Amino acid sequence: MMNPPPLLVTCGLPYTNGPCHLGHLRTYVPADMYVRYMRRAGEEVVFVCGSDNHGTPIVVSAEEAGTSPRALSEKYHKHFDESFKRMNVIFDRFGMTDDPATHHRTQAIISELQKKGYIYNQVVHQAYCTKCKRFLPDRYVEGICPHCGRPARGDECDQGCGKHLEPGEIKDPVCKVCGTKAEFRDQEHYFFRLSEFKDFLLPYLDQLRGTNNAKNYAIGWIKDELHDWCITRTLEWGVKFPGRDDLVVYVWVDAPIGYIAFTEEWAKANGKDWKRYWCGENRVTHFIGGDIIYHHCIFWPALLKGAGYGVPHAVVASGMVKVDDHKFSKSRGYVVWTNDDYLDKGLPADYLRYYLLAYTSHTKELNFSWKVFGERINNEVVNIFGNFVYRTLYFAQKEFAGIPPGTIDPAIIAEIEKTLATVDQLMRDYEFKGAVDAIMALAAFGNTYIQTNAPWKLIKTDRAAAAQVVKNCVQIAKALAILIEPVMPDTAQRCWRQLGYFDQVAAHPISDATCPVPEACIEPPTTLFVKMEDTQITELDALLQRRVAEANKKTEKIPVVTFEEFQKLDIRTGKVLSAELVPKSNKLLKLMVNIGTETRQIVAGMQQFYQPGEMVGKDVVVVTNLAPAKIFGIESNGMILAAGDAASLLVPVKPVEPGTKIR
RNA sequence: AGCGAGGUAGGGUAGUCAGGAUAUCCCGUCGGGCUCAUAACCCGAAGAUCGAUGGUUCAAAUCCAUCCCUCGCUACCA
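Position 10 (the first sequence) corresponds to 143 in the numbering used here; numbering is contiguous.
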């Protein structure tokens, strides 16, 4: 059998318009662990990543900051590069998608796709801001939904009926940046014939390696119809579309192409051939966040296939990160910044790496809380792992001035081998938590072993037997140092040094875990870890709580409306004539309400708070000139006012006739 | 609504793909041991109708069906 192709591991590219946070690390730390492990399991691995610099948000952020997109990108590029290094996430190449390699490779791929007929052009309506003098990507247009009449974004009626809006559909478009009324202009765009790749993608995804969340999600999409994909934008910033100075390619085209370009950059600097990684059979493994599965499992393989490159071998998608059991959200304050909140507080990278890897399976949601962080670090890392190594070496040094001579008990070697086999299988299945657990189980085994064999007792009667127990324990400690390196590289190295070795633990293959430790003198050991103090945890947590509280205040800020705007609303009292549950809905009630001049049918989301029976006969407050909407297929002509999440109804205190105007 | 992921002792979490005998681990509670060690470690106990119902099977947390609950996603948005 031929040697398998080398492994190329990539991480989803961080976008250069904000700093590094836990959400990033949830993908990068496991990828780094995987790379470290696979290298030491004897694989040839290249690990590349880079920053993603293009797209409208960066242009807008740069304008707001009074700088250029390139300068902004460079600032955050440097930030990510440093943050990853501080976390011991070490790439062979960390590039930028705005560097020449990505521009060049993107244009080469687009040209190739054009040559093969996979790209066509088409004129589309697009919102244009006359003040900013540019076309507005859909996210930067606001207007009125043509379906329900409520405010909507350019691409979707996000506050109203939730319908997807095609370019040109939105009414009264306004530039979100400057507030000027936008107009529609015709603009030629280029489309990728994604729809032609359906027959390729289904069998491809079926055999795709990686985590099944990625695979399932993508297969689900494919079963629906695949639309062709608009791959150009009217922007200055980005990779120029070949032959068109006024268009750049969509950022989601050049971002993954960065993976190839960064490999090229690495290969050039190291005298290697990048084609070995990207052309033909390969083992390209993408580590990504769960939010970008679509791009990596559908667009990207189709692009590569169409342009004649090899397609990815595996996609490993991480689950989402929660903070204090809340959805990760920068605007709501549920965020942990890698530098400000963690590393700059003097906390070790190893602790966070451990937490991220050991909390749960890679594809499940990971909750971060300082309290749990402190508990797990102290109980598992410090007490079980750290204490075993320390008590072993302390006793060895005290009683034997180091590691005693002798051979290792075969049962101990067998135990280590069992751990090695388990870890290896789990790592190849991308089950990082399982692998960490197996390593910790070996540490727990060590504690049980030393406890049951009590060399501190034995030594009083049988010094040789005590030496044997110690020797076995040291062997376990050695195995632990070797195994824990992909998880906690700094700790592993410290542990390695304490075992009397002067070289790098990372230079040793995993299989060295069963190589007997020789007799040696060692220095008195120091504790491997410092415990997390309760006061420290409380302080860190308080900082987070303060940020959440401040964010809450900010979100409460609401825009001022003029009296004229207020007067547009026609609010009247009404009497509920009948109420019934809307079938298949668990929130909606269908109400008939007398508003004086007429009886209206109104659908209201208050089923969980009011029985239909108790609604009948109630005087309620109704917005009568709200645009009609269809909810669950039932027409609703107005809105009943209620306060708060529990929908406390607003009712007139003194009796009034139905239809009385509210001012 | 559609799609996806989850629902396992007081909290958290593994096991579910490849069905089997006392359902894992961490914390917490209770009892004991040890004292080499960072008040750490070891042993034991209590505590789970494995979301519900029905089915397949000698055997179901695990497979199938239906339902309930929670969360996420729904593409020209990076």
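Ideal Cβ placement from N, Cα and C applies to all residues, glycine included. Bear in mind the structure is a predicted one, so any value in this text is a computation, not a measurement.
For residue 596, same chain residues with a beta-carbon under 6 Å away, outside a window of 5 residues either side, do not exist. In this chain, residue 306 is not harboured by any alpha helix (DSSP H); it is covered by the beta strand (DSSP E) spanning 304-308. Straight-line spacing of the CA atoms in residue 275 and residue 404 works out to 51 Å.
Taken through DSSP and simplified to helix, strand or coil, residue 362 comes out as strand. Judged by beta-carbon spacing, residue 229 lies beyond the 9 Å limit of residue 201, meaning their Cβ atoms are not closer than that value. Looking at the backbone, the Cα of residue 473 and that of residue 166 are separated by about 24 Å. Apart from sequence neighbours up to five positions away, the residues of its chain that approach residue 416 with a beta-carbon distance below 6 Å are 138, 140, 446, ordered along the chain. Residue 325 has 252, 362 as its beta-bridge partners, per DSSP.
Note on residue 198: under 16 other CB atoms within 10 angstroms of its CB, so exposed under the neighbour-count rule. For residue 734, the uninterrupted beta strand (DSSP E) run begins and ends at 732-737, by DSSP. Short of 6 Å from the beta carbon of residue 433, and not among the five residues preceding or following it, lie these beta carbons of its own chain, in chain order: 389. Under the three-state reduction of DSSP output, residue 412 falls in the coil class, being neither helix nor strand. Under the three-state reduction of DSSP output, residue 230 falls in the coil class, being neither helix nor strand. The C-beta separation of residue 613 from residue 518 comes to about 7 Å, placing the pair in contact by the 8 Å criterion. Residue environment: residue 214 is assigned as buried (16 or more neighbouring CB atoms within 10 Å of its CB, all protein chains considered).
The residue among 485, 429, 713 with its C-alpha nearest the C-alpha of residue 145 is 429. Nearest C-alpha to residue 581 among 418, 381, 384, 524: 524.
Contact annotation: the region 302-316 does not touch the region 406-420, with fewer than three C-beta pairs closer than 8 Å. In the displayed model, residue 484 falls within a helix according to three-state DSSP.
For a cut-off of 8 Å, the C-beta gap from residue 187 to residue 231 is around 7 Å, short enough to register as a contact. Rounded to whole angstroms, the separation of the alpha carbons of residue 208 and residue 369 is 20 Å.
By the neighbour-count criterion, in which 16 or more other beta carbons inside 10 Å mark a residue as buried, residue 769 falls on the buried side.
One Cα belongs to residue 707, the other to residue 317, and the distance between them is close to 42 Å.
Sixteen is the threshold: when 16 or more other Cβ atoms of the shown chains lie within 10 Å of the Cβ of residue 606, as they do, the residue is buried. Looking at the DSSP output, residue 470 shares a beta bridge with 154. Assignment of beta-bridge partners to residue 343 by DSSP yields 448. Bridge pairing for residue 709: 726 [DSSP]. Exposure of residue 477 is indicated by the presence of fewer than 16 other C-beta atoms within 10 angstroms of its C-beta. With respect to the C-alpha of residue 506, the residue from 537, 795, 664 having the closest C-alpha is 664. By the neighbour-count definition (other C-beta atoms within 10 Å, threshold 16), residue 173 is a buried residue. Between residue 497 and residue 452, the beta carbon gap of about 5 Å places them in contact (Cβ cut-off 8 Å). Counted as a single uninterrupted DSSP element, the beta strand (DSSP E) harbouring residue 377 occupies residues 377-382. Scanning its chain for C-beta atoms nearer than 7 Å, with the 5 sequence neighbours on each side dropped, one finds around residue 511 the residues 664, 665, in chain order. In terms of CA proximity to residue 448, 346 leads the group 383, 153, 618, 346.
C-alpha of residue 414 to C-alpha of residue 424: approximately 27 Å in a straight line. For the 9 Å CB-CB criterion, residue 704 and residue 723 do not form a contact.
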